[in-house]
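Undergrad: If you count the first sequence from 1, you need to add 38 to reach my numbering.
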Amino acid sequence: MLDIKLIRENPDFVKQQMAALQDAHAPVDAALALDEERRTLLTQVEELKARRNSESKRIGEMMRQGQRAEADQLKQEMTDVGDAIKTLDDRLKVVDEELFDAMSRIPNLPLPWVPVGKDDSENLVARTWGELPHFDFAPKPHWEIGEALNILDFERGVKLSGSRFYLLKGAGARLQRALIAWMLDVHTNDHGYSEIYPPYVVRAQTLFGTGNLPKFADNLYRDIEDDLWLIPTAEVPVTNLYRDEILAAGSLPICHVAYTPCFRREKMSAGKDVRGIKRGHQFDKVEMVKFVEPEQGEAELVTLVDNAEDIARRLQLPYRVVQMCTGDLAFSAAAKYDIELWAPGCNEWLEVSSCSLFTDFQARRANIRYRPEEGAKPRYVYTLNGSGLALPRVMIAVLESYQQADGTVRVPDVLRPYMGGLEVIR
RNA sequence: GGAGGGAUGGCCGAGCGGUCUAAGGCGGCUGUCUUGAAAACAGCUGUGGCAGCAAUGUCACCGGGGGUUCGAAUCCCUCUCCCUCCGCCA
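1. May I ask you to report which of helix, strand or coil DSSP gives VAL295?
2. Are GLY426 and GLU325 touching if we call contact CB-CB under 8 Å?
3. Three-state secondary structure (DSSP) at PHE321?
4. Is SER392 helix, strand or coil by DSSP?
5. Hey, quick one: how far does the alpha helix (DSSP H) through GLN243 stretch, first residue to last?
6. In this structure, how does DSSP classify SER289 when only helix, strand and coil are distinguished?
7. Any idea what DSSP makes of MET101, helix, strand or coil?
8. Does the beta-carbon of ARG106 have 16 or more other beta-carbons within 10 angstroms, so that it is buried, or is it exposed?
9. Could you check if PRO150 is buried or exposed, using at least 16 other CB atoms within 10 Å of its CB as the buried criterion?
10. Is it buried or exposed, THR421, if we count other Cβ atoms within 10 angstroms and call 16 or more buried?
11. Does the Cβ of ARG241 have 16 or more other Cβ atoms within 10 Å, making it buried, or fewer, making it exposed?
12. Give the secondary structure of ASP261 by DSSP, where H, G and I count as helix, E and B as strand, and everything else as coil.
13. How about LEU429 and PHE321: are their beta carbons less than 8 Å apart?
14. Are ALA58 and VAL154 close, meaning C-beta to C-beta below 8 Å?
15. Using a Cβ-Cβ cutoff of less than 8 Å, which residues in the same chain neighbour THR137 once the five nearest sequence positions on both sides are dropped?
16. Of the residues GLY365, LEU395, ASN278, GLN354, which one's Cα is nearest the Cα of ASN405?
17. Quick check on GLY426: does DSSP put it in helix, strand or coil?
18. Which two residues bound the contiguous beta strand (DSSP E) that contains LYS374?
19. Could you check whether ALA337 and ALA381 sit closer than 8 Å to each other, using their CB atoms as the reference points?
20. Compute the beta-carbon to beta-carbon distance between MET116 and GLU99, rounded to the nearest angstrom, for a pair I have assumed lies under 8 Å.
21. What is the residue span of the beta strand (DSSP E) that GLN55 lies within?
22. Using C-beta distances below 6 Å, list every residue in its chain close to TYR408, excluding the 5 sequence neighbours before and after it, in chain order.
23. Helix, strand or coil, according to DSSP, for GLU411 in the structure here?
24. Under DSSP, the beta strand (DSSP E) around GLU360 begins and ends at which residues?
25. Expressed to the nearest angstrom, what Euclidean distance is found between the alpha-carbon atoms of TYR231 and ALA62?
26. Taking just the CA atoms, how far does TYR238 sit from LYS124?
27. Would you list, in sequence order, the uninterrupted beta strand (DSSP E) runs of no fewer than 3 residues that lie entirely inside the region 162–218?
28. Where DSSP assigns a beta bridge to TYR420, which residues make up the other side?
29. Please report the residue range of the alpha helix (DSSP H) in which GLU273 lies.
30. So what does DSSP say about ARG352, is it helix, strand or coil?
31. For LEU268, which beta-bridge partners are listed by DSSP?
32. By Cβ distance below 7 Å, which residues in the same chain neighbour PHE301 in space, the five residues on each side in sequence not counted?
33. Which same chain residues, not among the five before or five after ILE349, have their C-beta less than 7 Å away from its C-beta?
34. Closest to THR446 by CA distance: which of SER392, GLY200, GLY210 is it?
35. May I ask which residues mark the beginning and end of the alpha helix (DSSP H) holding GLU233?
36. Label ASN345 either buried or exposed according to how many other C-beta atoms from any shown protein chain fall within 10 Å of its C-beta, with 16 as the threshold for buried.
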């Protein structure tokens, strides 16, 4: 959510930014009109309430002094005032809701240095790392490698749960578990994050805080009976940890890392990426979330991206960092970098992390504030998050990059201690 | 799942429709006294909206929402959460 004051004071600037974001539907003018009406109504209704407050006090005094007639007279007048207040309040409530709705549909503003572009074709590759591997045989896609090694089972996944579900077995399951434990250790030991184990099921209100509801309800799984929702990412519970709180002076930055499964219905992408484990309804992810002072936001984004890259570097997996242009920025992000691993079997770059700076956009919606100093007025924090990393696609990159001519897969050096010393999956 | 009891400011806690502008205490800040500190004494003490250059004014907030009333922390309805006991359970 943007600050309505910013829109009120710089409407043309905001509209120009919406154009850069390729968002033709952002209801900026509607928000301006509603804001105007809201303030007019507020002034009127508050005047009436001030009058009712003081006159009600007078009625109390009259009653005490036995001036029944005068009191009744004044009561009669106040009934009318009360009716007028009710009418204005009802209208104000509608306007408030409409304004909130309009504000909820206006995306975050990009930072000034974000490249302007119309869509993902104009994203910039900021840097690449590592050499693309050369094979003296035709590298296979991970689904062939996995099924041959009996570590991936698609058919039984479908039997149990339907399309887009699969099982990891034996060394495959252990490889994923090793990756999770190792990534968490790297982030907590070397990158300064503290680990969180959050609920995987949350209330609707929590999903509002991160903006997943109401707009993206179709992509969420839900238990109707208790109105609880399965999280689509750890970002949801972890960002909401401090919802409606004022963090004490000196407590920032707060850096959390959490491993969770993620659940997504993916109805909107039916038919896309059906092969392999690239896009399932259930997948695992290690997620980093930061709460920082506004002045530190951009520097923290740089380290966040580097923390995610570090995982790929330690796995010796070639990657590239892609900077989103304005036209491809996510709704809440002010700046965003994706990290993509090379998958030699699928012959494509796989997005394994998306690192975003949300400025105060999420904090405003989730009402997360902090005190710069003890006793100082609260300010909104800046939030950031990024995957560190998403498991299935790292699994793909590992299986495909470390495959050997005989169909076996070497275990990356850093994971061997987590695999009981196993060097080759055969 | 059953039965009961609760939710008030940073914390504890009073509050039986009108000086609630929320008592009192703790904590915190400022000042007096003191060489300094402690003690004592005095004053101050939350969040947000709107108007205003500002001083300031005004409204809202006693778990959330709705209602009754001229007037609600207080009465009514409803939801959420917490606690105690019973049942069930890894």
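Backbone N, C-alpha and C fix where the C-beta goes; we use that ideal spot for every residue, glycine too.
TA: Straight from the coordinates:
1. Counted from its first residue, the first sequence places residue 295 at position 257. Note: VAL295 maps to strand in three-state DSSP.
2. Mapped onto the first sequence, residue 426 falls at position 388. Mapped onto the first sequence, residue 325 falls at position 287. For GLY426 and GLU325, yes; Cβs fall inside 8 Å.
3. Translated into the one-based positions of the first sequence, residue 321 becomes position 283. Residue state, collapsed to three classes: strand.
4. By one-based count along the first sequence, residue 392 stands at place 354. Correct three-state label for SER392: strand.
5. Along the first sequence, one-based indexing puts residue 243 at 205. Run containing GLN243: 242–247, per the alpha helix (DSSP H) assignment.
6. Along the first sequence, read from residue 1 onward, the residue named residue 289 stands at position 251. Correct three-state label for SER289: coil.
7. Translated into positions along the first sequence, residue 101 becomes position 63. MET101: helix per DSSP, three-state reduction.
8. Here residue 106 refers to the residue found at position 68 when the first sequence is read from its first residue. So ARG106 counts as exposed.
9. If you number the first sequence from 1, residue 150 lands on position 112. Under this definition PRO150 is an exposed residue.
10. Position 383 of the first sequence, counted from the start, is the residue given in the question as residue 421. Buried, by the Cβ-count rule.
11. Taking the first sequence and counting its residues from 1, the one referred to as residue 241 is at position 203. Flag for ARG241 reads exposed.
12. Start at 1 with the first residue of the first sequence, and residue 261 comes out as number 223. Three-state DSSP puts ASP261 in a strand.
13. In the first sequence, the residue the question calls residue 429 occupies position 391. In the first sequence, the residue the question calls residue 321 occupies position 283. Cβ atoms of LEU429 and PHE321: closer than 8 Å.
14. Mapped onto the first sequence, residue 58 falls at position 20. Mapped onto the first sequence, residue 154 falls at position 116. The answer is yes: Cβ separation under 8 Å.
15. Sequence index remark: in the first sequence, residue 137 carries index 99 (1-based). Residue identity check: residue 137 is Leu in the sequence provided, not Thr. Hits under 8 Å: ILE42, ALA69, LEU72, ASP73, ARG76.
16. Position 367 of the first sequence holds residue 405. Closest option to ASN405, Cα to Cα, is ASN278.
17. To locate residue 426, count along the first sequence from 1; it is residue 388. Of the three classes helix, strand and coil, the one that applies to GLY426 here is strand, per DSSP.
18. Position 336 of the first sequence holds residue 374. Note, LYS374: beta strand (DSSP E), 373–381.
19. Counting from one through the first sequence, the residue named residue 381 turns up at place 343. Counting from one through the first sequence, the residue named residue 337 turns up at place 299. Contact: no.
20. What you label residue 116 is simply residue 78 of the first sequence in a count that begins at 1. What you label residue 99 is simply residue 61 of the first sequence in a count that begins at 1. Actually they do not touch by this definition, with Cβ atoms about 14 Å apart.
21. By one-based count along the first sequence, residue 55 stands at place 17. Segment 49–58 is the alpha helix (DSSP H) holding GLN55; no beta strand (DSSP E) there.
22. Your numbering for residue 408 matches position 370 in the first sequence. So the list reads LEU285, LEU290, VAL419, once near-sequence residues are dropped.
23. Mapped onto the first sequence, residue 411 falls at position 373. Three-state result, GLU411: coil.
24. As a first step, residue 360 is located in the first sequence; it is residue number 322 there, counting from the start. Sequence inspection shows Val at residue 360; the Glu mentioned does not correspond to that position. Counting along the chain, the beta strand (DSSP E) containing VAL360 begins and ends at 357–361.
25. Within the first sequence, the letter at position 193 stands for residue 231. Within the first sequence, the letter at position 24 stands for residue 62. Straight-line Cα distance between these residues: approximately 39 Å.
26. Sequence index remark: in the first sequence, residue 124 carries index 86 (1-based). Sequence index remark: in the first sequence, residue 238 carries index 200 (1-based). Cα to Cα, the separation comes out at about 42 Å.
27. 162–167
28. As a first step, residue 420 must be located in the first sequence, where it is residue number 382. Answer is VAL330.
29. Your numbering for residue 273 matches position 235 in the first sequence. GLU273 -> alpha helix (DSSP H) spans 273–277.
30. Your numbering for residue 352 matches position 314 in the first sequence. ARG352: helix per DSSP, three-state reduction.
31. As a working note, residue 268 is residue 230 in the first sequence. VAL239, per the DSSP bridge assignment.
32. For the purposes of this step, residue 301 is taken as the residue at position 263 of the first sequence. Once the five neighbours on either side are set aside, the close Cβ partners of PHE301 are TYR259, LEU268, ILE269, PRO270, HIS319, GLN320.
33. In the first sequence, counting from the first residue as 1, residue 349 sits at position 311. Correct list, in chain order: MET221, VAL224, GLY426, LEU427.
34. The count along the first sequence starts at 1 and reaches residue 446 at position 408. Selected option, being the one with the closest Cα: GLY210.
35. One-based indexing of the first sequence puts residue 233 at position 195. Here GLU233 belongs to no alpha helix (DSSP H); instead the beta strand (DSSP E) covers 232–234.
36. As a working mapping, residue 345 is identified with position 307 in the first sequence. Buried, because 16 or more other Cβ atoms sit within 10 Å of the Cβ of ASN345.
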